[in-house]
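A.B. asks: Let me begin by handing over the structure; questions about it come next.
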Amino acid sequence: MPNKSCVLDKIPAWLFKEAHKELAPSLADIINSSLANHDFPSSLKQAYVTPLIKKASLDKEEMKNYRPVSNIPIISKLIEKIVSSRILQHLAFNNLHTNFQSAYKKHHSTESALLRVANDILRYIDNKKSVLLILLDLSAAFDTIDHDILLARAHSRFGIDGKALYWLNAYLKNRTQTVSIDNNKATPSPLKYGVPQGSVLGPLLFTMYTAPVADIAERHGVNYHLYADDTQLYVPLDNTLETASYQKESIEKCVVEIADWMNSNKFKLNSDKTDVIVFGTNKALIDLNFNSVQIKSSSVPVSSSVKNLGCYLDANFTMSCQINSIFLERLSTPPNFALPPVERRLKEPRDTPYPLVDCACLNGLVEKKSRWREVNVSCPLIAIPFTVLNWTY
């Protein structure tokens with residue numbers, strides 16, 4: 003448990019951790035009473051919401067650029083953790099997980115999602131095909147979940163009923179939230195839709211709510227992979243224009259049906275932030291010449307590179323955009339090492355523990371970074387500590 007506390011907590015998180023042995027019997031009574039009586043204490047349904055900017059580069063005056071993160075009481079998180087583990091056990095035992103949903107599932111992550119999609123794309127390219135990938139973007143997805151639809155889906159699709167369903171109803175209904183900015187607090191307002199961002203149970207309920215998206219993709223024969231509210235749809239394209247156009251049309255029909263499903267489930271597909279890219283060889287991309295994908299009344303242009311789950315992908319799948327992005331990021335941050343003095347470096351043997359790097363690859367990057375101008379770029383090879391070349395997260 004992290005040491006972060008909520009303003010609603012009477013006891014700080016660090017004290018909970020220090021005194022967990024003494025508090026355990028009382029906490030167990032509260033949790034067991036909540037589950038046995040299929041009720042959720044009203045005092046734990048309150049949340050303080052702090053708007054956090056999604057990216058530092060975004061306009062801070064635009065409200066849509068903020069993400070509402072809920073700060074909820076510690077005891078609420080403990081109860082949610084117990085319920086979440088039981089739901090996950092139920093889904094795993096009855097094989098109810100969505101096949102290609104990598105969020106909030108054991109042994110799955112953004113890494114497993116990217117690996118599967120990347121592997122499929124590379125295999126298609128090896129088989130002389132191109133690949134059309136569409137990355138769908140939802141507007142405020144966690145905030146628009148309809149509680150009645152969620153409860154009905156939890157019962158009909160995932161077999162949650164009886165006291166468990168009554169408990170979920172008690173957990174979702176009659177919640178309130180208070181927006182807090184710089185210690186200025188708004189009047190508490192009812193939370194009629196959505197699940198709290200920052201809660202333990204909310205993300206899992208979201209994946210259950212959006213499970214039908216996978217059904218639509220499978221019905222259209224479209225490959226898919228989901229990670230929470232990130233949806234990846236992709237199809238192989240034959241390198242003949244007539245066949246490829248038919249395959250492109252199939253994924254367009256799939257996206258239209260998904261958009262209709264989202265409208266009926268209180269979601270909104272954001273076509274302005276939906277990305278489209280075609281992977282393949284240079285010759286195949288020229289022959290196909292796909293410039294856009296039609297999603298209802300919107301025409302989404304095909305990009306030369308996209309950012310997918312934090313990873314940049316380019317049309318030729320060389321990963322050059324990702325490497326450049328990480329390299330530039332590392333060069334823009336202060337180095338966490340100190341090179342030895344020049345006199346010492348001159349006396350050291352040539353078998354330096356640092357890797358030798360061709361300066362030609364650094365020229366375009368070094369010249370714009372003033373703190374790196376001391377590097378001798380006229381030398382064919384230089385030694386740089388491994389920390390600089392660590393391109394992994």
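Heads up: the sequence shown begins at 3 in our numbering, then just goes up one per residue.
Ideal Cβ positions, reconstructed from N, Cα and C, are used throughout, including at glycine.
(1) Should K19 go down as buried or exposed, given a rule of 16 or more other Cβ atoms within 10 Å for buried?
(2) Here's the rule: buried if 16 or more other CB atoms are within 10 angstroms of the residue's CB, otherwise exposed. What is N310?
(3) Would you check whether the ligand MG has a heavy atom nearer than 8 Å to the C-beta of E251?
(4) Per DSSP, I297 is paired with what?
(5) Would you kindly check if the distance between the Cβ of V71 and the Cβ of Q199 is under 9 Å?
(6) Using C-beta distances below 6 Å, list every residue in its chain close to T100, excluding the 5 sequence neighbours before and after it, in chain order.
(7) Looking at the secondary structure, which residues open and close the beta strand (DSSP E) in which R159 lies?
(8) Would you tell me roughly how many angstroms separate the C-alpha atoms of N67 and D139, rounded to the nearest one?
(9) Is the CB-CB distance between N225 and G282 below 9 Å?
(10) Which residues in the same chain have their Cβ closer than 8 Å to the Cβ of P27, if we skip the five residues on either side of it in sequence?
(11) What runs of the alpha helix (DSSP H), each 4 residues or longer, lie entirely inside the stretch 246-309?
(12) Counting Cβ pairs closer than 8 Å, one from the stretch 242-261 and one from the stretch 200-207, do we hit at least three?
(13) Can you find the residues in the same chain that come closer than 7 Å, C-beta to C-beta, to C313, ignoring five residues on each side of it along the sequence?
(14) Please go through the stretch 164-226 and give each complete beta strand (DSSP E) segment of 3 or more residues, from N-terminal end onward.
(15) Which of the three DSSP states is assigned to A385 in this structure?
(16) For G196, I'd like the list of residues in its chain whose CB is within less than 7 Å of its CB, leaving aside the five on either flank, ordered along the chain.
(17) Of the choices K57, T112 and S87, whose alpha-carbon is the least far from that of H227?
(18) In whole angstroms, give me the CA-to-CA distance for P53 and A286.
(19) Using a Cβ-Cβ cut-off of 6 Å (strictly less than) and excluding sequence neighbours within five positions of M264, which residues of its own chain qualify?
(20) According to the Cβ coordinates, are D232 and L137 closer than 9 Å?
(21) For V133, which residues of its own chain have a beta-carbon under 8 Å away from its beta-carbon, when the five flanking residues on both sides are left out?
(22) Is the Cβ-Cβ distance between V257 and L135 less than 9 Å?
(23) Roughly how far, in whole angstroms, is the beta-carbon of Y168 from the beta-carbon of H22, given that I think they are within contact range, below 8 Å?
(24) Could you work out which residue in H149, E251 and S158 is closest to S177 when comparing CA atoms only?
(25) Which residues in the same chain as N96 place their Cβ atom closer than 7 Å to its Cβ, once the five residues preceding and following it in sequence are excluded?
(26) When the Cα atoms are used, what is the spatial distance from K108 to T209?
(27) If you count every other CB in all the chains shown that lies within 10 Å of the CB of I151, and 16 or more means buried, which is it?
(28) Does the distance from the CB of T180 to the CB of A49 come in under 9 Å?
(29) Return the first residue and the last residue of the alpha helix (DSSP H) that D31 is part of.
C.D. replies: Put simply:
(1) exposed
(2) buried
(3) Of the ligands one can find in the structure shown there are none, so the ligand MG has no counterpart to examine.
(4) S300
(5) yes
(6) A213 and A216
(7) Careful: R159 lies outside any beta strand (DSSP E) and carries neither H nor E.
(8) 14 Å
(9) no
(10) none
(11) 284-290
(12) no
(13) L116 and Q324
(14) 177-183 and 191-193
(15) Annotation note: pLDDT 38 at A385 (below 50); position unreliable, no value reported.
(16) F144, D145, T146 and I147
(17) T112
(18) 45 Å
(19) L271
(20) yes
(21) D122, I123, Y126, I127, Y236, V237, P238, L239, V280, F281 and G282
(22) no
(23) About 29 Å separates the two Cβ atoms, so there is no contact after all.
(24) As written in the sequence, residue 177 is Arg, which differs from the Ser given in the question. Taking only the C-alpha atoms, the option nearest R177 is H149.
(25) G161
(26) 14 Å
(27) exposed
(28) yes
(29) H22 to A38
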